[in-house]
Amino acid sequence: MSSPPSPLVGPPDPVSNIRPAIYSSARPTLPSIHPYSSHEFPPDGEPAQIALAIQREALDHFNHSFWKLSNMRFQAAEQRVLNALPPNHSPSHREQALARFRQAWLASEAPLQAAYTKHWRSRNFRLVSVALRSALRRVLP
Numbered sequence: 001m002s003s004p005p006s007p008l009v010g011p012p013d014p015v016s017n018i019r020p021a022i023y024s025s026a027r028p029t030l031p032s033i034h035p036y037s038s039h040e041f042p043p044d045g046e047p048a049q050i051a052l053a054i055q056r057e058a059l060d061h062f063n064h065s066f067w068k069l070s071n072m073r074f075q076a077a078e079q080r081v082l083n084a085l086p087p088n089h090s091p092s093h094r095e096q097a098l099a100r101f102r103q104a105w106l107a108s109e110a111p112l113q114a115a116y117t118k119h120w121r122s123r124n125f126r127l128v129s130v131a132l133r134s135a136l137r138r139v140l141p
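Per UniProt numbering: the sequence shown = residues 1 to 141.
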């Protein structure tokens, strides 16, 4: 059995700053109603390998979505702070306003960040568990 190809890494998303991983060779496919294309999975793939591929991509999507939404909220809130500054503000006034904003932002986002981290760790642990089971099945018949 051949080992799967190493993932490719794309350029960072301009909003989330996450560099996407591309896990399979990108072959053009026709659109279908199925959410996955058959080339994403090895033809002789065992259920654990297929589950691993699906969970890995779902976790990547979850991570990207969280950071994209978080960064969009941050940028919009930061822009509101900058727009509220008086027209002839000094650079130090701007920096003080941004420092207060960032401190308040971190405090207000802490519960959401903690929930994200807890959920991400849980899903990542499950992903590692599936990968370990898949590897053990290949080694121990």
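Glycine included, every Cβ here is placed at the ideal spot set by N, Cα and C.
Item to check | Close-in-space but distant-in-sequence residues of the same chain around residue 11 (CB under 8 Å, 5 per side omitted) | outcome: 19
Checklist entry - Which whole-angstrom value describes the C-beta separation of residue 53 and residue 23, a residue pair presumed to lie in contact below a C-beta threshold of 8 Å? => result 7 Å
Next on the checklist: With DSSP as the reference, identify every bridge partner of residue 9, one or two as the case may be.
Outcome noted: 21
Next on the checklist: Which same chain residues end up closer than 7 Å to residue 66 when comparing Cβ atoms and leaving out the 5 residues on each side of it in sequence?
Outcome noted: 116
Item to check | Other residues of its chain near residue 136: CB distance less than 8 Å, five sequence neighbours each side excluded | outcome: none
Checklist entry - Under three-state DSSP, which class holds residue 46? => result coil
Next on the checklist: Quick check: the segment 112 to 126 against the segment 55 to 62, are at least 3 beta-carbon pairs closer than 8 Å?
Outcome noted: yes
Item to check | Which of helix, strand or coil DSSP assigns to residue 63 | outcome: helix
Next on the checklist: Using 8 Å as the cut-off, can you tell me whether the segment 90 to 101 makes contact with the segment 74 to 82, which would need three or more C-beta pairs spanning the two stretches below that distance?
Outcome noted: yes
Next on the checklist: Would residue 15 and residue 68 qualify as a contact pair, given that the criterion is a beta-carbon distance under 7 Å?
Outcome noted: yes
Checklist entry - Counting along the chain, where does the alpha helix (DSSP H) carrying residue 98 start and finish? => result 91 to 139
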